[in-house]
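Data block below; observations after.
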Amino acid sequence: MVEVRRTLPADAQVEIAIDFTRPVYLVRMQFPAGTAYMSTGPQITFASDIYAEGQVSVGTFSWNADGSQRGDIILSNEGNAASALILAGTVNDVIIDIYKTYLISGGGNTAPQPYITGSMDGSEVGASSSKVAVLSTTAQTASVPSRYYTVAEGFNWLPIDGEVVT
Numbered sequence: 287m288v289e290v291r292r293t294l295p296a297d298a299q300v301e302i303a304i305d306f307t308r309p310v311y312l313v314r315m316q317f318p319a320g321t322a323y324m325s326t327g328p329q330i331t332f333a334s335d336i337y338a339e340g341q342v343s344v345g346t347f348s349w350n351a352d353g354s355q356r357g358d359i360i361l362s363n364e365g366n367a368a369s370a371l372i373l374a375g376t377v378n379d380v381i382i383d384i385y386k387t388y389l390i391s392g393g394g395n396t397a398p399q400p401y402i403t404g405s406m407d408g409s410e411v412g413a414s415s416s417k418v419a420v421l422s423t424t425a426q427t428a429s430v431p432s433r434y435y436t437v438a439e440g441f442n443w444l445p446i447d448g449e450v451v452t
């Protein structure tokens, strides 16, 4: 058995030692049109970004044989916003960062810690919510460009093999 240790900030150690505590997850999704910031709890400001209150739920993540983690998030479908994103096909391969924080009883929250970094992969549309699969990035998996430059897309002249396209 391999034991992996990591250090937590002092404020997080205090909160997780309490008899009852519940983490709050901050989800940042980097869509081509803009970045969405959502929180599983109250509105929280982190790194100058405001994470909207209660728009997402974070499910359980499990380890795969290749060292990656797979899980899902559930997006609130208020005003059919999640359905529109999913049906337009814009969630696949979107980079996602999930942070974990704890609310402090006196107000505020602990310093958010990275929980999962990866990309969204597959989805299910529902009436009140939509589920999106998340695959973490590991040494064996990484984001790759999803835009292709071919004659079919209107590019009549292509550079020679190996040349970098900016």
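In my numbering, each residue carries its 1-based index in the sequence shown increased by 286. Every residue, glycine too, gets a C-beta built ideally from N, C-alpha and C.
- Less than 8 Å divides the Cβ of residue 312 from the Cβ of residue 332.
- Closest in C-alpha terms to residue 422, from the list 387, 416, 348, comes 348.
- Proximity of the region 316-328 to the region 378-387 meets the contact definition, three or more beta-carbon pairs being nearer than 8 Å.
- Residue burial annotation: residue 329 is exposed, with fewer than 16 other C-beta atoms found within 10 angstroms of its C-beta.
- About 13 Å separates the beta carbons of residue 300 and residue 387, which is beyond the 8 Å limit, so they are not a contact pair.
- In this structure, the straight-line span from the alpha carbon of residue 384 to that of residue 396 is close to 15 Å.
- With fewer than 16 other CB atoms across the displayed protein chains lying within 10 angstroms of its CB, residue 373 is exposed.
- Contact check for residue 418 against residue 402 fails: the beta carbons are separated by 8 Å or more.
- Remark: C-beta atoms of residue 416 and residue 363 approach each other more closely than 8 Å.
- The Cβ-Cβ distance between residue 343 and residue 411 does not fall below 8 Å.
- Taking the C-beta atoms as reference points, residue 357 is found nearer than 8 Å to residue 345.
- Within the model, the alpha-carbon separation for residue 295 versus residue 393 is close to 17 Å.
- One alpha carbon belongs to residue 326, the other to residue 308, and they sit about 11 Å apart.
- Secondary structure at residue 410: strand, using DSSP grouped into helix, strand and coil.
- Residue 299 carries a helical assignment under DSSP once its states are collapsed to helix, strand and coil.
- The beta-bridge partner set that DSSP reports for residue 379 is empty.
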